[in-house]
Amino acid sequence: MFQPVERTHHLPQKVADEIGKKIETGELQPGGKLPAELSLARTFGVSRSVIREAIAKLRSEGLVETRHGIGAFVLSTVRRSKIRLEICGVPDPNDLPGLFQLRLPLERQAARLAATEHKVNDLSILKEHVFEMSRVSDWLAKGIGSDIAFHLAVARATQNRFYVDMLSPLLTYLGDIIPLAFRCTGDTNIATTTFDEHRAVYEAIAARDQDGAEKWMTSHIVNSASRLGLGKDALFGMPLRANKNV
1 MFQPVERTHH LPQKVADEIG KKIETGELQP GGKLPAELSL ARTFGVSRSV
51 IREAIAKLRS EGLVETRHGI GAFVLSTVRR SKIRLEICGV PDPNDLPGLF
101 QLRLPLERQA ARLAATEHKV NDLSILKEHV FEMSRVSDWL AKGIGSDIAF
151 HLAVARATQN RFYVDMLSPL LTYLGDIIPL AFRCTGDTNI ATTTFDEHRA
201 VYEAIAARDQ DGAEKWMTSH IVNSASRLGL GKDALFGMPL RANKNV
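Everything in the sequence shown is counted per the UniProt record's numbering, starting at 1 for the first residue and increasing by one.
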């Protein structure tokens with residue numbers, strides 16, 4: 001079904017693209033279970049960590065969902081977002097200010113819409129991502145995938161595909177950069193702090209509290225920027241300055 005991928009600096013994206021093509025063409029059907037992690041690693045000739053990151057990328061694009069202790073399943077054969085960030089070279093932490101300035105207005109409005117437009121299944125998916133975050137101790141190794149997937153699930157809960165189209169490439173790229181930036185900041189309490197913030201967003205959405213969902217999403221993004229060494233000027237329209245230590 002799959003062939004080994006060329007070994008480059010960004011193997012997870014290449015693996016995600018190959019699996020994504022099989023989903024788009026219908027070779028992998030909605031509801032179907034992907035091969036086991038070890039099997040995929042052997043097929044593509046990569047490590048299991050590469051497969052885990054590739055699955056996280058597919059999940060952030062809304063193509064698969066992961067079920068705890070069971071595996072990854074195809075969600076849909078709908079086309080992937082036509083809005084793609086063309087990334088050349090290694091992900092650059094200096095892009096963080098611009099990314100955060102763009103995501104703030106998009107995500108706080110998405111949270112507001114999700115509070116009124118979400119379906120029962122949307123809440124189930126959001127709750128699963130929050131549960132996954134509650135079990136993580138090493139955020140950089142295992143938590144970021146659930147974090148990014150949560151934010152994309154909020155976008156899907158708006159029932160407006162353009163939020164997904166806009167946020168999917170942005171958040172996927174952000175997920176590549178954040179580990180590099182956090183290694184420089186030395187924040188050792190990421191898991192507990194960010195879990196509490198995501199839980200607050202989830203609870204507001206579940207309660208159909210528009211103002212609360214917007215407030216907690218805004219607070220989370222501002223706090224995330226601060227943890228990455230970015231000032232509020234990176235979010236509210238003043239000149240962008242990347243963290244000089246990143």
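No residue lacks a Cβ here, since even glycine has one placed at the ideal position from N, Cα and C.
DSSP places GLU128 within a helical segment (H, G or I) once states are collapsed to three.
Residue environment for SER168: buried (at least 16 other C-beta atoms within 10 angstroms of its C-beta). With the rule of 3 Cβ pairs closer than 8 Å, the region 105-121 counts as touching the region 155-167. Non-local C-beta neighbours of LEU230 in its own chain, meaning closer than 7 Å and more than five positions away in sequence, comprise LEU96, PRO97, PHE100 and ASN243, ordered along the chain. Around the beta carbon of GLY69, fewer than 16 other beta carbons sit within 10 angstroms, so the residue counts as exposed. The beta-carbon separation of GLY32 and VAL74, rounded to 5 Å, stays under the 8 Å limit for a contact. For the pair ALA149 and ALA213, the CB atoms are not nearer than the 7 Å cut-off.
Nearest to ALA206 by C-alpha distance, out of GLU18, VAL130, GLU27 and PRO35, is VAL130.
Of the candidates SER49, VAL64 and GLU53, the residue whose Cα lies closest to the Cα of GLU24 is VAL64.
Counting only the Cα atoms, GLY26 lies some 19 Å from GLY71. In the three-state reduction of the DSSP assignment, ALA207 falls in the coil class, being assigned neither a helical nor a strand state.
DSSP, reduced to helix, strand and coil, places THR43 within a helical segment of the structure shown. Secondary structure note for ARG112: its alpha helix (DSSP H) is the uninterrupted segment 96-117.
When C-alpha distances from LEU11 are compared across SER39, PRO30 and PHE44, the shortest belongs to PHE44.
Around ASP209, the same chain offers ALA115 as residues with beta carbons nearer than 7 Å, after the five sequence neighbours per side are excluded. The DSSP-derived three-state label of ALA72 is strand. Taking C-beta atoms as the reference points, LEU140 and PRO93 fail to come closer than 7 Å.
Taking GLU128 as reference, the option from TRP216, HIS198, ARG42 and ILE190 with the minimal CA-CA separation is HIS198. Rounded to the nearest whole angstrom, the CA to CA distance from LEU34 to SER124 is 21 Å.
Rounded to the nearest angstrom, the gap between the Cα atoms of LEU126 and LEU58 is 16 Å. Taking a C-beta distance under 7 Å as the contact criterion, ARG108 and THR218 qualify as a contact pair.
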